[in-house]
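Read through the structure below, which is laid out as structure tokens, and then see the notes.
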Amino acid sequence: MLNGIHDYKKEFVLSHTFKNVSKMKIDKSLISPVKKHANFDWYLSINHNGDDLGMYIHCKQSKNDGVIWFIEAEIEMTLDGRFIKSTTKRGEFKFSTNAPFSHGFRKFISWNKCVYRIGDSFNAKVSVKIRKAIGNCKSVLRSFDKSNEIGLEVLIETYWAEYYVMREVLTTQSAYFMDLLKDPGISKVKLDGDDLTEFQNLLEVLHGMPAIDENTVVGILHLATDYKMPLPIQKCEEFLTNKSTKSTNRKLKIASEYRLDSLKVLATHTSYFKDRHVTLQNISAADFQNLLEVIYGESDVEDHTAHAILYLAHKLEMKLIVQKCVDFLLQISESTIHAVIHLACRLQIHRLHQKCANFLSEKSENFNDELTNYQLENLVNNCIEKIDSIDNIKAKLAAGWKDSILLADLLVISLEIY
1 MLNGIHDYKK
11 EFVLSHTFKN
21 VSKMKIDKSL
31 ISPVKKHANF
41 DWYLSINHNG
51 DDLGMYIHCK
61 QSKNDGVIWF
71 IEAEIEMTLD
81 GRFIKSTTKR
91 GEFKFSTNAP
101 FSHGFRKFIS
111 WNKCVYRIGD
121 SFNAKVSVKI
131 RKAIGNCKSV
141 LRSFDKSNEI
151 GLEVLIETYW
161 AEYYVMREVL
171 TTQSAYFMDL
181 LKDPGISKVK
191 LDGDDLTEFQ
201 NLLEVLHGMP
211 AIDENTVVGI
221 LHLATDYKMP
231 LPIQKCEEFL
241 TNKSTKSTNR
251 KLKIASEYRL
261 DSLKVLATHT
271 SYFKDRHVTL
281 QNISAADFQN
291 LLEVIYGESD
301 VEDHTAHAIL
311 YLAHKLEMKL
321 IVQKCVDFLL
331 QISESTIHAV
341 IHLACRLQIH
351 RLHQKCANFL
361 SEKSENFNDE
371 LTNYQLENLV
381 NNCIEKIDSI
391 DNIKAKLAAG
401 WKDSILLADL
411 LVISLEIY
């Protein structure tokens, strides 16, 4: 969306091998097959324009249905040949109903360099990152562009389109429209704002259509909040809770931004808080405060809070927060591998076990294939129950990790608590 409300980050790659390039005459082009992404048709082309070879990407509506659309994207174009290093150029381009359908570089590479150093064929690859998208980025599930119930409908006008909607649907589902349409003589409403491109999706949700997905959920939630529509808000929450693959941090920010009910935010992460009154025993107030701040996106996991937050999240079955802490410990934290292994074993967190095993295998220069990563992972996971002594742990590790006794000691120390 123009002001960032559309949570659209579609990424894809177009690639094609252009052949018989040397036979191209001036002002002639070669075109790749069409590929569909984000409900648009995309293809590549090259053009012989005299002294240079141009390279372009094209974006067109799959169906010319008159819908106004707009796409802003980051483009990275790469050309590969047998006898030359890859040539890459980047840019940010805008495609829309009223703007060029194609963008690229007229002087991507000189014609002589192309023909004599690359050869008669080459591979073109274009990486696309859609940052903003308006209009036709998903299939229309229900049309609202024609009047079917004269006298019972309201015409909703936005900058992008007009919608005919049953008055009863709007007034029963929205406190905003109930107040706006309290005069039965009102048959037309104009809505201002450039974020109303999601209005089509919002109407589809109101009419029971499955319009909520990763790309539309934030825009629908935004409008539903503005127009005081409980049903779409609930549907968006359910999607974010049960289906969305957005990161934990992104979900928490969405929950905070749209002021979702505290009970619902916690219920998103655990079943512990489905009841109105909950008593938590043997939990530090300070640690629980840190946990809440992470849930609401008011603070990040840090080295001095990570262990306590992970412990609480694990105890309270907050899977998303556990994942957030695991990602922090494995990617950002300054904690030693000793401390991380210790924590993984104490809390029995499988992913931490696995990552620690991978870490040790990467550090060993003389890894014996007889002890596979899978076996090592099982050893880490089960050593507490199956190995009787510290010496046996060392012996089993040393059997597969020649000259790596120090690494064995590291694991042993981390398990001595048991």
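Residue numbers (my numbering): 1 to 418.
By construction, the Cβ of each residue, glycine as well, lies at the ideal position given by its N, Cα and C atoms.
Within its own chain, the residues whose Cβ lies closer than 7 Å to the Cβ of A38, once the five positions on either side in sequence are excluded, are K10, I130, A133, C137, listed in chain order.
Going by C-alpha positions, V189 is about 20 Å away from V205. In this structure the segment 101 to 113 touches the segment 46 to 57; the number of beta carbon pairs closer than 8 Å is three or more. Secondary structure note for M178: its alpha helix (DSSP H) is the uninterrupted segment 175 to 180. By the neighbour-count criterion, in which 16 or more other beta carbons inside 10 Å mark a residue as buried, V326 falls on the buried side. Here the C-alpha atom of Q281 lies approximately 57 Å from the C-alpha atom of K35. Annotation: the continuous beta strand (DSSP E) that includes E11 extends over 11 to 18. With fewer than 16 neighbouring CB atoms inside 10 Å of its own CB, K23 falls in the exposed class.
Rounded to whole angstroms, F70 and W42 show a C-alpha spacing of 14 Å. The beta carbon of N201 sits closer than 7 Å to the beta carbons of A211, T216, G219, I220 from its chain, once the five residues preceding and following it are set aside; these are given in chain order. When DSSP reads this structure, W69 sits in no beta bridge, so it has no partner. For the pair S15 and S102, the CB atoms are not nearer than the 9 Å cut-off. The residues V294, I309, K324, C325, F328, in chain order, have a CB closer than 7 Å to that of V301 in the same chain once the five nearest residues on each side in sequence are set aside.
Sixteen is the threshold: when 16 or more other Cβ atoms of the shown chains lie within 10 Å of the Cβ of N290, as they do, the residue is buried. Taking a 10 Å sphere around the C-beta of I341, we find 16 or more other C-beta atoms and assign the residue as buried.
Here S247 carries a coil assignment [DSSP, helix/strand/coil]. A distance below 6 Å between beta-carbons, with the five flanking residues on each side excluded, links M77 to the following residues of its chain, in chain order: M55, K89, V126. Look at H37 here: in three-state DSSP terms it is strand. With a threshold of 16 other beta carbon atoms within 10 Å, M318 meets it and is buried. Here L320 carries a helix assignment [DSSP, helix/strand/coil]. By the criterion of a C-beta distance shorter than 7 Å, L312 is surrounded in its chain by I283, D287, F288, L291, once the five residues flanking it on both sides are discounted.
Annotated three-state conformation of L53 is strand, per DSSP. For C59, the closest C-alpha among the options F122, K243, V128, N123 is that of V128. Rounded to the nearest angstrom, the Cβ distance from F12 to L30 is 21 Å, too far for a contact under 8 Å.
Taking C-beta atoms as the reference points, Y164 and L170 fail to come closer than 9 Å. If you draw a 10 Å sphere on the C-beta of M229, you find 16 or more other C-beta atoms in it, and that means buried. Of the other Cβ atoms in all chains shown, fewer than 16 fall within 10 Å of the Cβ of E334; this residue is therefore exposed. For Y163, the enclosing beta strand (DSSP E) has its first and last residue at 162 to 166. The beta carbon of S174 is closer than 7 Å to those of Y227, K228, M229 in its chain, skipping five residues each way along the sequence. Per DSSP, the unbroken beta strand (DSSP E) holding H103 starts and ends at 102 to 110.
With a contact defined as Cβ atoms closer than 8 Å, A124 and L79 qualify at about 6 Å. In the three-state DSSP reduction, H58 falls in the strand class (E or B).
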